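Report on one structure; see the data block that follows.
Residue numbers (the working numbering), protein chains in the order written: chain A, 20 to 340; chain B, 20 to 340.
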């Protein structure tokens, strides 16, 4: 049986796992609810069970890469601050705990950087040597990662790539990070829902209002995207507002790095063309110094699996980035 | 006699030249007026004479790197658009013309990227392996360059690093590049002079007004810097306005890349501490996701010679970047 490498994407509601073979073929995927209220021990147990069950009978597990939603200490294998999990998982030795259960090396990374690694090895970067691209994960929050010449840029703390906190409105709304007007305050799924709500409350979004029918839980980025694709003016305005902010933020990095692509992941990216179009238009308005027709603006083809696949890639290269 | 490598920095008013030896020691520097009205042939002749005279009797010239103020086609050795020179030097084969006169290979690069290379080999990057830093050249305009892990990022057109055109005010003043609110419209020497003039016209800059005494040519970034260092409120406000814009623009790249340093070059950088302080304060306000005490904000120690030295470095590595 061949060598297998495991990847685990730890999210606030679900844990996703994937395995790949030595040559990078994807073997299997699985997932389970996180149940974070049961505490780190139980959550790590779920991670271990997911990977074990997936690998059972298929090959020998050689290592696992884990993506965590927040700050981690890569060298120590310890989480430092996962804001969306109870107790924020300060100083939880997830690497050691999981390694003990599985008997293989475990490598931690921020989840958006892990998704970037997934995109490099299994998505947009696959077969493109020395690719340079940005990944933006558009979900409840906005994460990111930067790949330059085929190598992910992590910086000394693994924190480089925090693209959700690029300033798009210096005097804008206060972000959870403490700064003002971060991209995340305009282009996250939650920011888009809030913007759509403003349109509804102003009586300017009759289509969305009818669809929601008083149940605000129905007002999701998916619903807004669906209405935008059908040409609903309010939904289109909400999507364009987010797209323009993404284009403005990305323009700085396009000018600085002239990347091959800007890849969008996360649930919000499923909105597709209306979002991509407004990003492209804003980029074109902001970058006049050189032609950027060669900069692709695309949706990741990895769907929700980018992070877990990135974990397998991280394990396959034994944590060497 | 040993091998020598020449660097030439072509500016709108002056041409600067430098030579370095094979081991990177700086041998000699010289300069001459550009006299651009005499046309490309005469200007290239001046470049050749500067390098020849400098090398005479010291060693054998093996190559020359030339920095041009605008867009160049590196592979063809041809200038594409130098906005500050008469006729914009469209499609002038400077590489071939200079190579013919000197009998050695000649390599072209944008002048700010050349200064970045100078900073990497002779300035802040010297002795720092795998340095990651930004260079901002603050002069009449604002240029830039990005070094990642000890390698300059040029992108497919050599245009990556156009940091003067990062957006700092999406609805701001129209820039020469066509976009709105570029960093250059706020933080260039000319923008600072215009801002100081607004303070004078509003009757709010009595100190500067007395020093200028009706001769507006005396109102320079150097004068503003000198007054700012002495605590003049109007001059300090002008410097802070520029520094905040630089900090805001740089914050995007700090979040994306977590560099080791932001290095300031160009005449305006001589303002020193009041400018550095406001950049640091704005960076601290904008980057909350990870600690950035380790990101140095410093003035280049190469003065006006960064570009010419970068040219020598470019020639020494035979144009391989």
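Just so it is clear, CB atoms sit at the ideal spot from N, CA and C, and this is done for glycine as well.
From a predicted model like this one, the values you see are computed outputs, not experimental measurements.
Item to complete: Kindly indicate the opening and closing residues of the alpha helix (DSSP H) around residue 81 of chain B.
Response: No alpha helix (DSSP H) holds residue 81 of chain B; the beta strand (DSSP E) holding it covers 79-87.
Discussion item. Tell me which residue opens and which closes the beta strand (DSSP E) that residue 48 of chain A is part of.
Written reply: 45-52
Fill in: Residue interval of the alpha helix (DSSP H) (run including residue 296 of chain A)
292-305
Practice prompt. Give the DSSP bridge partners of residue 335 of chain A, in chain order.
Written response: Per DSSP, none; premise fails for residue 335 of chain A.
Worksheet item: Which residue or residues does DSSP assign as beta-bridge partners of residue 152 of chain B?
Response: B/166 and B/280
Worksheet item: What residues of chain B sit near residue 270 of chain A, judged by a beta carbon separation below 7 Å?
Response: 186
Item to complete: Could you tell me which of A/258, A/49 and A/114 sits nearest to residue 63 of chain A, measuring between CA atoms?
Response: A/114
Practice prompt. Rank A/24, A/264, A/27 and A/151 by C-alpha distance to the C-alpha of residue 189 of chain A and give the top, closest one.
Written response: A/264
Discussion item. Whole angstroms are fine: how far does the CA of residue 207 of chain A sit from the CA of residue 196 of chain A?
Written reply: 14 Å
Item to complete: Please name the residue, chosen from A/254, A/317, A/106 and A/185, that lies closest to residue 291 of chain A on a Cα-to-Cα basis.
Response: A/317
Worksheet item: Which residues in chain B sit within 8 Å of residue 181 of chain A, going by Cβ to Cβ distance?
Response: 274, 275, 308 and 309
Worksheet item: Hey, does residue 165 of chain B have any beta-carbon neighbour from chain A nearer than 8 Å?
Response: yes
Worksheet entry | residue 276 of chain A and residue 273 of chain B closer than 8 Å at C-beta | no
Discussion item. Is it the case that the region 216-235 of chain B contacts the region 276-289 of chain B, given that we only count it when at least three CB pairs across the two stretches are under 8 Å?
Written reply: no
Worksheet item: Does residue 196 of chain A get closer than 8 Å to chain B when you measure Cβ to Cβ?
Response: yes
Practice prompt. Compare the C-beta of residue 338 of chain A against all C-beta atoms of chain B and say whether one is closer than 8 Å.
Written response: no
Worksheet item: Would you call the region 155-164 of chain A and the region 44-62 of chain A in contact, with 3 or more CB pairs under 8 Å?
Response: no
Practice prompt. Just mark residue 168 of chain B as buried or exposed, buried being the case when its beta carbon has 16 or more other beta carbons within 10 Å.
Written response: exposed
Worksheet item: Is it a yes or a no for the region 297-313 of chain A touching the region 107-127 of chain A, going by three-plus beta-carbon pairs under 8 Å?
Response: no
Practice prompt. Would you check if the region 33-42 of chain B and the region 70-89 of chain B touch, i.e. whether three or more CB-CB distances between them fall below 8 Å?
Written response: yes
Fill in: Member of B/236, B/138, B/203 and B/177 whose CA lies at the smallest distance from the CA of residue 95 of chain B
B/177
Worksheet entry | Cβ shell of residue 286 of chain B (< 8 Å), same chain only, five flanking positions each side left out | 157, 158, 208, 240, 241 and 323
Worksheet item: Roughly how many angstroms separate the alpha carbons of residue 247 of chain B and residue 315 of chain B, rounded to a whole number?
Response: 22 Å
Worksheet item: So is residue 174 of chain B in contact with chain A if we call contact Cβ pairs under 8 Å?
Response: yes
Worksheet item: Does the distance from the C-beta atom of residue 321 of chain A to that of residue 126 of chain A stay below 8 Å?
Response: no
Worksheet item: Would residue 84 of chain B pass as a contact of residue 262 of chain B if the rule is Cβ separation under 8 Å?
Response: no
Item to complete: Kindly indicate which residue of B/160, B/266 and B/231 has the alpha-carbon position closest to the one of residue 102 of chain B.
Response: B/160
Item to complete: Sort A/202, A/201 and A/230 by Cα distance to residue 215 of chain A and report the nearest one.
Response: A/230
Worksheet item: Can you tell which of B/338, B/327, B/337 and B/336 has the C-alpha that lies nearest to the C-alpha of residue 45 of chain B?
Response: B/327
Worksheet entry | Contact list for residue 313 of chain A against chain B, beta-carbon separation under 8 Å | 175
Item to complete: Have a look at B/26, B/233, B/22 and B/184 and flag the residue whose alpha-carbon is nearest the alpha-carbon of residue 68 of chain B.
Response: B/26
Discussion item. Here's a check: name, in chain order, each residue in its chain whose Cβ is nearer than 7 Å to the Cβ of residue 151 of chain A, leaving out the five neighbours to either side.
Written reply: 166, 167, 168, 276, 278 and 279
Worksheet item: Can you tell which of B/136, B/88 and B/90 has its C-alpha closest to the C-alpha of residue 325 of chain B?
Response: B/136
Worksheet item: If the cut is a Cβ gap below 7 Å, which residues of chain B does residue 189 of chain A touch?
Response: 267
Item to complete: Hey, could you find the ends of the beta strand (DSSP E) residue 315 of chain B is sitting in?
Response: 315-318
Fill in: Distance between beta carbons of residue 249 of chain A and residue 130 of chain A, contact taken as under 8 Å
Not confirmed; about 32 Å, so no contact.
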